[in-house]
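**Student:** Got a structure here, written out as structure tokens. Questions coming.
There are 6 protein chains.
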Amino acid sequence: MSDNADAFDKERKELNELILSGDNLDIKRFFALDNSVYRDGALDSRTKELLGLVASLVLRCDDCIKYHTIQAGKLNVTGKEFDEVMAVGLVVGGSITIPHIRRARKLWSELNDDEGAD
Amino acid sequence: MSDNADAFDKERKELNELILSGDNLDIKRFFALDNSVYRDGALDSRTKELLGLVASLVLRCDDCIKYHTIQAGKLNVTGKEFDEVMAVGLVVGGSITIPHIRRARKLWSELNDDEGAD
Amino acid sequence: MSDNADAFDKERKELNELILSGDNLDIKRFFALDNSVYRDGALDSRTKELLGLVASLVLRCDDCIKYHTIQAGKLNVTGKEFDEVMAVGLVVGGSITIPHIRRARKLWSELNDDEGAD
Amino acid sequence: MSDNADAFDKERKELNELILSGDNLDIKRFFALDNSVYRDGALDSRTKELLGLVASLVLRCDDCIKYHTIQAGKLNVTGKEFDEVMAVGLVVGGSITIPHIRRARKLWSELNDDEGAD
Amino acid sequence: MSDNADAFDKERKELNELILSGDNLDIKRFFALDNSVYRDGALDSRTKELLGLVASLVLRCDDCIKYHTIQAGKLNVTGKEFDEVMAVGLVVGGSITIPHIRRARKLWSELNDDEGAD
Amino acid sequence: MSDNADAFDKERKELNELILSGDNLDIKRFFALDNSVYRDGALDSRTKELLGLVASLVLRCDDCIKYHTIQAGKLNVTGKEFDEVMAVGLVVGGSITIPHIRRARKLWSELNDDEGAD
Chain A
1 MSDNADAFDK ERKELNELIL SGDNLDIKRF FALDNSVYRD GALDSRTKEL
51 LGLVASLVLR CDDCIKYHTI QAGKLNVTGK EFDEVMAVGL VVGGSITIPH
101 IRRARKLWSE LNDDEGAD
Chain B
119 MSDNADAFDK ERKELNELIL SGDNLDIKRF FALDNSVYRD GALDSRTKEL
169 LGLVASLVLR CDDCIKYHTI QAGKLNVTGK EFDEVMAVGL VVGGSITIPH
219 IRRARKLWSE LNDDEGAD
Chain C
237 MSDNADAFDK ERKELNELIL SGDNLDIKRF FALDNSVYRD GALDSRTKEL
287 LGLVASLVLR CDDCIKYHTI QAGKLNVTGK EFDEVMAVGL VVGGSITIPH
337 IRRARKLWSE LNDDEGAD
Chain D
355 MSDNADAFDK ERKELNELIL SGDNLDIKRF FALDNSVYRD GALDSRTKEL
405 LGLVASLVLR CDDCIKYHTI QAGKLNVTGK EFDEVMAVGL VVGGSITIPH
455 IRRARKLWSE LNDDEGAD
Chain E
473 MSDNADAFDK ERKELNELIL SGDNLDIKRF FALDNSVYRD GALDSRTKEL
523 LGLVASLVLR CDDCIKYHTI QAGKLNVTGK EFDEVMAVGL VVGGSITIPH
573 IRRARKLWSE LNDDEGAD
Chain F
591 MSDNADAFDK ERKELNELIL SGDNLDIKRF FALDNSVYRD GALDSRTKEL
641 LGLVASLVLR CDDCIKYHTI QAGKLNVTGK EFDEVMAVGL VVGGSITIPH
691 IRRARKLWSE LNDDEGAD
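Protein chains in written order, with our numbering: chain A, 1 to 118; chain B, 119 to 236; chain C, 237 to 354; chain D, 355 to 472; chain E, 473 to 590; chain F, 591 to 708.
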């Protein structure tokens, strides 16, 4: 993992715990759902992570993109596949997604030690 | 195809022609790109259609959802797979996607003559 | 209720049943959560409906606005209160919310037989 | 004007009156501001209408696009200029703007009796 | 107040002054409206701040969330009430609101020296 | 140029190169289109930059706003014109655009050594 990804992961966990410490049952249920929806089903979890990635990209949620980029790397998504997900998001969501693609592509390179080739 | 899908397809084609008749080169290039991005590559076109579908859902673009729902049916996406794409979009995009899921699920049933089973 | 609201309610129920017939557990859980989050808690359900209404307005989800407008009427929200929710949404979300306010205000008048006075 | 544009204009006026009948001062002030911001200033009103048009397009507000399309026609915007505004919006906002461009381009043709030429 | 909130408040005021120094009357009017819409009316200012908070959350505007979170604290909103506003926003707006809830909940804890209990 | 703008420009170029190094043809085509759409046509590039600026503002894309603000300065847009673009975006997009206007106005002042007068 890159330092960037490690720090992100640590802060994410701490703040999730802070949120869940409030004992709001609806929030807890949502967090559980947010895990279960990416598990293997009729579609495998790898495909679902790519769905989560493109959805995060077109909604321009940097932290969500970061999370799914890290997950994609763990699930052996290749650089070319990653770029194709970015390309679909770019065409659907337009040039306003470009700053997010820049940051995602940078993190991808840090995590996978490549420059787009696989 | 359902009547709904046929009428949609016919109007979509007529209005695309009207747009392209304006001879704006940038618009023509974008339309070409909007086709090529869903073609087989490192990811197959079936996966890319699902990416387009979930992106359209979270951005709540009914006509885009309709288009990708029709394409998904042609590419033999199953009812359970379709529902899982809807589920990811629902969790990522929230309850505001529900009215779009209602309309998408209705069209899916018309096109595939089922009620979610596959 | 107005005819508009009755027809909306009927179609909403039928299509929700169609969605739930697909037996996707994550979708079912989300629908349950979408009910529980508006129940009395530290904030009463009336306040929560107003939160749902303004959130729907700024996200420009007509069906969601319609649903919460009907709920607001049932919970004895007054015309002046309704207008103030619209005003907050208008300032936060800008002039693009105006077409939605037009349709919401029309439905409100049909349901409550008034023109903004309470 | 086209029948489409006439009906739109009539309903828009009636519902604006309904909204303003509620005597909410903040809403009234917003409506006044929504007029004044398009008046001649350092930029002329023609340029400001094009700004309003592209903003409405990327935010995918059909009624707002319709309004500014009608205004653009009155201010002698040409078909080629109109298409270039659509092209900027399409690149910035992505393929999800296409259904709105379809409807805008159809209205433009009805209003201006052309097919993109000027 | 926390240091975080103090620094935010200071920069916010300085830049608002810079904006208003431009002598654009429409912008000045909008800023006045942005104050008046949260004042006591048929709904009290406390309820209106919660409306502003949930609207800011679903539109994922961090600075707006920060502002309304600070205001909510001043108006004696409790931790449980705050969490319920977050829960409504989370269900309406989906998992993409979670990074914003993380930051909001952290600021809330800094300002109110608690972890969700009230 | 300000230091802020210089650093932005440098990082933007480096990361664009990283993205393009992936050899994804669709992404390359989109980037080409993103340049050509702002070139002189029936509308001059100055007007098109203002369209890009207001579109970026209402979509709340800080990096896009920054880019078009720098371009606007190079094309001799005046402070009053810049403020009027901000005003249109503010009315169309609502108070959630204000944090972005704050940052845009600060950059404008750094770049143009003024405070809104021209």
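Glycine included, C-beta positions come from ideal geometry on N, C-alpha and C.
How about V209(B) and G513(E): are their beta carbons less than 8 Å apart?
**Tutor:** Within the second sequence, residue 209(B) is the residue found at index 91, counting from 1. Within the fifth sequence, residue 513(E) is the residue found at index 41, counting from 1. Against a cut-off of 8 Å, the Cβ pair of G513(E) and V209(B) comes out as no contact.
**Student:** Let me know the secondary structure DSSP gives G22(A) once reduced to three states.
**Tutor:** Taking the first residue of the first sequence as position 1, residue 22(A) is located at position 22. Residue state, collapsed to three classes: coil.
**Student:** S410(D) by DSSP, collapsed to three states: which one?
**Tutor:** Along the fourth sequence, one-based indexing puts residue 410(D) at 56. Reduced to three states, the DSSP call for S410(D) is helix.
**Student:** What residues of chain F sit near D416(D), judged by a beta carbon separation below 8 Å?
**Tutor:** To locate residue 416(D), count along the fourth sequence from 1; it is residue 62. By Cβ distance, chain F contributes nothing, its closest Cβ being about 14 Å from D416(D), past 8 Å.
**Student:** Which term fits E521(E), buried or exposed, when burial requires 16 or more other beta carbons within 10 angstroms of its beta carbon?
**Tutor:** Numbered from 1 along the fifth sequence, position 49 holds the residue referred to as residue 521(E). Looking at its Cβ environment, which holds 16 or more other Cβ atoms inside 10 Å, E521(E) is buried.
**Student:** By how many angstroms is the C-alpha of V58(A) removed from the C-alpha of T78(A)?
**Tutor:** Residue mapping note: residue 78(A) aligns to position 78 of the first sequence, counting from 1. Residue mapping note: residue 58(A) aligns to position 58 of the first sequence, counting from 1. So the two alpha carbons sit approximately 20 Å from each other.
**Student:** Of all Cβ atoms in chain B, is any one closer than 8 Å to the Cβ of L404(D)?
**Tutor:** Residue mapping note: residue 404(D) aligns to position 50 of the fourth sequence, counting from 1. No, no contact with chain B.
**Student:** Heavy atom of the ligand FAD less than 7 Å from the Cβ of I688(F), yes or no?
**Tutor:** For the ligand FAD, the structure offers nothing, since it holds no ligand at all.
**Student:** Buried or exposed for H336(C), please, with buried defined as at least 16 other CB atoms from any protein chain shown within 10 angstroms of its CB.
**Tutor:** Numbered from its first residue, the third sequence carries residue 336(C) at position 100. By the 10 Å Cβ count, H336(C) comes out buried.
**Student:** Looking only at C-alpha atoms, which of I301(C), T283(C), L251(C) and K264(C) sits nearest to E228(B)?
**Tutor:** The residue given as residue 228(B) occupies position 110 in the second sequence. Among I301(C), T283(C), L251(C) and K264(C), the Cα nearest to that of E228(B) belongs to L251(C).
**Student:** Taking 8 Å as the CB-CB cut-off, is I568(E) touching chain B?
**Tutor:** Here residue 568(E) corresponds to residue number 96 of the fifth sequence, with the count starting at 1. I568(E) counts as touching chain B.
**Student:** When the cut-off is 8 Å and only beta carbons count, does E587(E) lie next to chain C?
**Tutor:** Indexing the fifth sequence from 1 puts residue 587(E) at position 115. For E587(E), the pLDDT reaches just 45, beneath the cut-off of 50, and the residue's location in the model is therefore unreliable, leaving the point undetermined.
**Student:** Could you list the residues in the segment 192 to 210 of chain B with a C-beta less than 9 Å from some C-beta on chain C, going in chain order?
**Tutor:** If the cut-off is 9 Å between Cβ atoms, the segment 192 to 210 of chain B has G197, K198, F200, D201, E202, M204, A205, V206, L208 and V209 near chain C.
**Student:** Give the single residue among G140(B), M204(B) and I145(B) whose Cα lies nearest to the Cα of G170(B).
**Tutor:** Here residue 170(B) is taken as the residue at index 52 of the second sequence, counted from 1. With distances taken between Cα atoms, G170(B) lies closest to M204(B).
**Student:** Looking at D9(A) and I617(F), is the spacing between their C-beta atoms short of 8 Å?
**Tutor:** Counting from 1 along the sixth sequence, the entry for residue 617(F) is found at position 27. Counting from 1 along the first sequence, the entry for residue 9(A) is found at position 9. No, the pair does not count as a contact, with Cβ atoms beyond the cut-off.
**Student:** Could you check what DSSP says for A622(F) in three-state terms: helix, strand or coil?
**Tutor:** Taking the sixth sequence and counting its residues from 1, the one referred to as residue 622(F) is at position 32. Helix.
**Student:** Under a three-way DSSP split, which group does R518(E) fall into?
**Tutor:** Numbered from 1 along the fifth sequence, position 46 holds the residue referred to as residue 518(E). Looking at R518(E) - three-state DSSP - the assignment turns out to be helix.
**Student:** Roughly how many angstroms lie between the CA atoms of S139(B) and D593(F), to the nearest whole one?
**Tutor:** As a working mapping, residue 139(B) is identified with position 21 in the second sequence. As a working mapping, residue 593(F) is identified with position 3 in the sixth sequence. Those two C-alpha atoms are separated by around 46 Å.
**Student:** Could you have a look at A235(B) and say whether DSSP puts it in helix, strand or coil?
**Tutor:** If you number the second sequence from 1, residue 235(B) lands on position 117. The predicted model places A235(B) with a pLDDT of 44, which falls under 50 and marks its position as unreliable; any figure quoted below should be read in that light. Of the three classes helix, strand and coil, the one that applies to A235(B) here is coil, per DSSP.
**Student:** Do you know offhand how far D634(F)'s Cα is from E435(D)'s?
**Tutor:** Along the sixth sequence, one-based indexing puts residue 634(F) at 44. Along the fourth sequence, one-based indexing puts residue 435(D) at 81. If I take the Cα positions, the gap works out to 10 Å.
**Student:** Against chain C, with Cβ distances strictly below 8 Å, would F31(A) count as a contact?
**Tutor:** Looking up residue 31(A) in the first sequence gives position 31. No, no contact with chain C.
**Student:** What residue range does the alpha helix (DSSP H) around D534(E) cover?
**Tutor:** Here residue 534(E) refers to the residue found at position 62 when the fifth sequence is read from its first residue. Looking at the DSSP string, the run of the alpha helix (DSSP H) that includes D534(E) is D534 to K546.
**Student:** Could you tell me which chain A residues have their CB closer than 8 Å to the CB of T165(B), listed as they occur along the chain?
**Tutor:** Taking the first residue of the second sequence as 1, we reach residue 165(B) at position 47. By Cβ distance, chain A contributes T47 and L50.
**Student:** S227(B) versus chain C: which residues are under 7 Å apart at the beta carbon?
**Tutor:** Numbered from its first residue, the second sequence carries residue 227(B) at position 109. Within chain C, the residues near S227(B) are L254.
**Student:** Among residues of its own chain, excluding the 5 on either side of E115(A), which ones have a beta-carbon nearer than 7 Å to its beta-carbon?
**Tutor:** For this step, residue 115(A) is matched to residue 115 along the first sequence. In this predicted model, E115(A) has a pLDDT of only 45, less than 50, meaning its place in the structure is not dependable; the value taken from the coordinates is given anyway. Within the same chain, E115(A) has close Cβ partners S109.
**Student:** Assuming T659(F) contacts L697(F) under a Cβ cut-off of 8 Å, what Cβ separation, rounded to an integer in Å, is found between them?
**Tutor:** In the sixth sequence, counting from the first residue as 1, residue 659(F) sits at position 69. In the sixth sequence, counting from the first residue as 1, residue 697(F) sits at position 107. Yes, T659(F) and L697(F) are in contact; Cβ-Cβ is about 5 Å, under 8 Å.
**Student:** Since I believe I686(F) is in contact with S508(E) (beta carbons under 8 Å), could you give me their beta-carbon distance rounded to a whole number of angstroms?
**Tutor:** As a working note, residue 508(E) is residue 36 in the fifth sequence. As a working note, residue 686(F) is residue 96 in the sixth sequence. The pair is not a contact, with the Cβ atoms about 17 Å apart (cut-off 8 Å).
**Student:** Smallest Cα separation from Y274(C): which of N260(C), L311(C) and E247(C)?
**Tutor:** Here residue 274(C) refers to the residue found at position 38 when the third sequence is read from its first residue. Looking at the Cα atoms, L311(C) is the closest of the given residues.
**Student:** Using a threshold of 8 Å, state whether the C-beta atoms of R29(A) and L608(F) are closer than that.
**Tutor:** Your numbering for residue 29(A) matches position 29 in the first sequence. Your numbering for residue 608(F) matches position 18 in the sixth sequence. Contact: no.
**Student:** Please compile the residues from chain D whose C-beta is within a distance smaller than 8 Å of the C-beta of K342(C).
**Tutor:** Along the third sequence, one-based indexing puts residue 342(C) at 106. Near K342(C) (Cβ distances below 8 Å), the residues of chain D are L369 and L372.
**Student:** Please report how far the alpha carbon of N614(F) lies from the alpha carbon of I301(C), in whole angstroms.
**Tutor:** By 1-based counting over the sixth sequence, the position of residue 614(F) is 24. By 1-based counting over the third sequence, the position of residue 301(C) is 65. Between N614(F) and I301(C), the C-alpha separation is close to 41 Å.
**Student:** Would you report the Cα separation of D596(F) and R575(E), rounded to the nearest angstrom?
**Tutor:** Here residue 596(F) refers to the residue found at position 6 of the sixth sequence. Here residue 575(E) refers to the residue found at position 103 of the fifth sequence. Those two C-alpha atoms are separated by around 29 Å.
**Student:** Considering only C-alpha positions, which residue in the set I334(C), D349(C), G309(C) and E247(C) is nearest to T283(C)?
**Tutor:** Taking the third sequence and counting its residues from 1, the one referred to as residue 283(C) is at position 47. Measuring from the Cα of T283(C), the nearest candidate turns out to be G309(C).
**Student:** Between V324(C) and the rest of its own chain, which residues show a CB-CB distance below 7 Å, the 5 nearest in sequence each way excluded?
**Tutor:** To locate residue 324(C), count along the third sequence from 1; it is residue 88. Only V290 meet the Cβ criterion.
**Student:** Verify the CB distance criterion: does G277(C) have a CB-CB separation below 8 Å to chain B?
**Tutor:** Counted from its first residue, the third sequence places residue 277(C) at position 41. Chain B, which has no Cβ nearer than 8 Å to the Cβ of G277(C), makes this no.
**Student:** If we cut at 8 Å on Cβ distances, does D118(A) have a partner in chain C?
**Tutor:** For this step, residue 118(A) is matched to residue 118 along the first sequence. For D118(A), the predicted model reports a pLDDT of 44, less than 50, meaning its position is unreliable; a value from the coordinates is still stated below. Not closer than 8 Å to any Cβ of chain C, the Cβ of D118(A) fails to qualify, so no.
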